[in-house]
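K.L.:
Sharing a structure below in structure tokens format, with a few things to ask.
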Amino acid sequence: MIIQTPELLFYKKDEAQNRIDKYLLILVVFKNGLAFGAKFNERQSKPGQWLMEINSNAIVGGIGDFRDFKAVMLTLSNFCQNAANILGAHYLTGNGIVNFLTGLLRENLEEKSVALAVNFIVADCRNKKNLFLCFIDFDGRIKQLKNFAVAGGSDYKKPLTKEELEKLTPEEKAVFDFQKSRLMNAGMPEEFPLSPSRIHRPRKEAIAYLEKNWKQNMKKEEAIELIKKTLFECNPESHDKKIEIIVIEYEKEAKLFYFQKGKN
Amino acid sequence: MNGIGEKLLRVLETYAGTRKIAASEAEKMAAMARLKIHGTTILALKFKEGVIMAADRRCVAGEKIFSDKEIKIEETGSLSCIAGAGYVSDCQWLVKVLKQGFLPELEKFWELDEIFVDGQANLIDFIMENVFLLTWPILAGFDPFENNGRIFMFEPGGMLFKPDDYAAYGSGEDYALTVLDKEWSYDCSETKGIMIAIEALLASGKKDKNTSDSLLHPPLIKIITSCGIKDFPAEKFFKIALKERVKEEARKGIKDGLGTFIVGQFLQNLAKELEKK
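What follows is the structure in structure tokens.
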């Protein structure tokens, strides 16, 4: 049995947030469907690995710790299979999936030793004029959204470059040295945790970018371009610069597109 | 996290009371052997725009007529109805679990406006697989996903049939099915469908002691289309039934039959009223 103290709860939240990592999953709604976009690593990722189709209307996308994502998807898939057998697959709605996932994530955070480190986006296009879109955080908090959704992108601190280090004021330098020695003593990677301006918030940046550039009745190509630009602009830099975009048009098969930064 | 099945089983347990959940095969077989314990006539038939459901009004307790005013068709949604033959208590319990337990529970969880006839059929099947009920229900309704009328038949063992045309249960089913077999066609209209249902009920009411005489106790007829459920008026039914009876009595040469008597009385009353005027 694990005694759940407030400190443990904070630790679990922090740990889960870190494991979700800084990379983004974006969903954009366009005129005849919706498109998902995320970072893609050819060696590590399978095409469409962060998506699960529930039925012809509902789809779930996730980002974070892939082990946790798979575990949740397995449970969700069993649950949906069971419900489809008893009720019929076309009765499974986005709302029901959100209810299930919220309960599962909350239960895990509050009762288990480690929280599930995944963010979800649930989309249900039963009503094509008013698409159901919901973001679920790792702790089970939900946000009903419109037009687009962004998941993942936990806050992170970017290490200082040589040029930035040289530009520090003497006070900042002193604090930095103190922090550095303390972190090194603790065996942790050296970072500059002091100034809030050094903290990057990819999710917030992506939301701001999409709010500025999303348009009503966008075409498929425009949606792809918007996701591409948002990911290249707001996704933290990594050695793999490839992104994957999955376009789902109503009553059509999903199509996958791959783009690399710096290449057409 | 428990699955939907387990959740629904808990709902069943709440409602079950003394009813046995998951009856043994032997019990099921014994019940199937006593198949003819239902005394009624319920039927459903498809027509172009939907489905018609009809049931007589008699409720029997062994050899005794308990009531001739029983309403056997219950609405389970805005586009579906259920009727049952067999033990009244089991049938009423089934409807109660469906309407008060399963449908609200699932509609709330999945945030659905309504679970239609196909979903309801799956749920009834689930209930009857898990609880041993001596009832033979027919569920009929309009399916907006398939855009046509649908009929589902169930048996105590948990069997589910989906007839394409018509269905009948009860002690009067043979007489009703004879009429349905002969008269029903895939392209029948609403009026034709109603006429077939009336004829089937008249036929079973005449021969089966457990089915009420439709002329004395007008049966319940429900017409289900994409627009909703409407009742066929009893007065209209009475007129059609009387006409049929008079025709039949004339064909058989019966001069003191019920139909002839009622028409005679009616004509006498009419003559008296005219005289007064």
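Chain order of the listed sequences is C and W.
The first sequence begins at 1 in the working numbering and counts up by one.
The second sequence begins at 1001 in the working numbering and counts up by one.
Ideal Cβ positions, reconstructed from N, Cα and C, are used throughout, including at glycine.
#1: Where DSSP assigns a beta bridge to His200/C, which residues make up the other side?
#2: Which residues, taken in chain order from the region 1109–1133 of chain W, show a beta carbon closer than 8 angstroms to some beta carbon of chain C?
#3: Whole angstroms are fine: how far does the CA of Val60/C sit from the CA of Ile97/C?
#4: Please tell me whether Gly1005/W has its Cβ less than 9 angstroms away from any Cβ of chain C.
#5: Cβ of Phe1266/W less than 9 angstroms from any chain C Cβ?
#6: Tell me which same chain residues have a C-beta within less than 7 angstroms of the C-beta of Glu1183/W, skipping the five on either side of it?
#7: Locate the alpha helix (DSSP H) running through Asn82/C, then write down its first and last residues.
#8: For Met1001/W, which of helix, strand or coil comes out of DSSP?
#9: Comparing C-alpha positions only, which one of Glu15/C, Gln260/C, Ala151/C sits nearest to Val28/C?
#10: Is Met1001/W close to chain C, meaning its C-beta is less than 9 angstroms from at least one C-beta of that chain?
#11: Can you find a CB in chain C that lies within less than 9 angstroms of the CB of Phe1145/W?
#12: Less than 8 angstroms between the CB atoms is what I'm expecting for Ala1250/W and Ser1214/W, so what's the real figure, rounded?
#13: For Asn119/C, which of helix, strand or coil comes out of DSSP?
#14: When we look at the beta-carbon of Pro1144/W and count the other beta-carbons within 10 Å, is it buried (16 or more) or exposed?
#15: Assuming the contact rule is C-beta atoms closer than 8 angstroms, Asn55/C and Leu92/C should be a hit. Round their C-beta distance to whole Å, please.
#16: Can you tell me which of the three DSSP states Asn41/C falls into?
#17: Would you call the region 44–51 of chain C in contact with the region 1055–1073 of chain W, where contact means no fewer than 3 C-beta pairs closer than 8 angstroms?
#18: Do you know offhand how far Glu1090/W's Cα is from Leu105/C's?
#19: Can you check whether the CB of Ala1054/W is closer than 9 angstroms to the CB of Glu1173/W?
#20: Tell me the DSSP secondary structure of Ser1189/W in three-state form.
#21: Classify Gly1259/W: buried if its beta carbon has 16 or more other beta carbons within 10 angstroms, exposed otherwise.
#22: Run through DSSP, which three-state label would Lys128/C get?
#23: Does any residue of chain W bring its CB to less than 9 angstroms from the CB of Phe257/C?
#24: Taking the straight line between their C-alpha atoms, what separation do you get for Glu1155/W and Glu1190/W?
#25: Any chance you could list the beta strand (DSSP E) runs of at least 3 consecutive residues sitting entirely within the region 1086–1163 of chain W, in chain order?
#26: Closer than 7 angstroms by C-beta to Gly1177/W: which residues in its own chain qualify, once you throw out the five before and the five after it? Chain order, please.
#27: For chain W, check one thing: does any of its Cβ atoms lie closer than 9 angstroms to the Cβ of Leu109/C?
#28: Taking only three categories from DSSP, how would you classify Ile20/C?
#29: Throw me the rounded Cβ distance for the Asp155/C and Ile199/C pair, which I believe falls under 8 angstroms.
P.N.:
Working from what's here:
#1: In the DSSP output, where bridge partners are listed per residue, His200/C has Tyr156/C.
#2: Per Cβ criterion, the list reads Phe1109, Trp1110, Glu1111, Leu1112, Ile1115, Asp1118, Gly1119, Asn1122, Leu1123, Phe1126.
#3: If I take the Cα positions, the gap works out to 9 angstroms.
#4: Contacts with chain C at 9 angstroms (Cβ-Cβ) include Gly1005/W.
#5: For Phe1266/W, the answer is no, since every Cβ of chain C falls outside 9 angstroms of its Cβ.
#6: Only Ile1196, Glu1199 meet the Cβ criterion.
#7: In the DSSP assignment, Asn82/C falls within the unbroken alpha helix (DSSP H) covering 66–87.
#8: With a pLDDT of 43 at Met1001/W, under the threshold of 50, the modelled position of that residue is not reliable, and the figure given next carries that caveat. It is coil, neither helix nor strand.
#9: Of Glu15/C, Gln260/C, Ala151/C, the residue nearest in Cα terms is Ala151/C.
#10: For Met1001/W, the predicted model reports a pLDDT of 43, less than 50, meaning its position is unreliable; a value from the coordinates is still stated below. Closer than 9 angstroms: yes.
#11: It does: the Cβ of Phe1145/W has a partner Cβ on chain C nearer than 9 angstroms.
#12: Between Ala1250/W and Ser1214/W a beta carbon distance of about 19 angstroms is seen, past the 8 angstroms cut, so the two are scored as non-contacting.
#13: DSSP places Asn119/C in strand when its eight states are reduced to three.
#14: Pro1144/W comes out exposed.
#15: Yes, Asn55/C and Leu92/C are in contact; Cβ-Cβ is about 5 angstroms, under 8 angstroms.
#16: Asn41/C falls in the coil class under three-state DSSP.
#17: Taking a contact to require three or more Cβ pairs closer than 8 angstroms, the region 44–51 of chain C and the region 1055–1073 of chain W do not qualify as touching.
#18: It is worth fixing the name first, because residue 1090/W is Asp in this sequence and not Glu. Each residue's Cα considered, the two are about 40 angstroms apart.
#19: Glu1173/W is not a Cβ neighbour of Ala1054/W, given a cutoff of 9 angstroms.
#20: Three-state DSSP puts Ser1189/W in coil, outside helix and strand.
#21: It is buried - the Cβ of Gly1259/W has at least 16 other Cβ atoms within 10 Å.
#22: Coil at Lys128/C, not helix or strand.
#23: Interface flag for Phe257/C against chain W is unset, since no Cβ pair is found closer than 9 angstroms.
#24: Rounded to whole angstroms, Glu1155/W to Glu1190/W spans 28 angstroms at the Cα level.
#25: Runs of the beta strand (DSSP E) inside the region 1086–1163 of chain W: 1135–1143, 1148–1155, 1159–1161.
#26: With the sequence shown as reference, residue 1177/W is identified as Leu, and Gly is not the correct amino acid for it. In the same chain as Leu1177/W, and ignoring 5 residues on each side of it, the C-beta atoms closer than 7 angstroms to its own belong to Ala1168, in chain order.
#27: Taking Cβ atoms only, chain W never reaches closer than 9 angstroms to Leu109/C, which makes this a no.
#28: Helix.
#29: Taking 8 angstroms as the upper bound for CB-CB distance, Asp155/C and Ile199/C are in contact here, some 6 angstroms apart.
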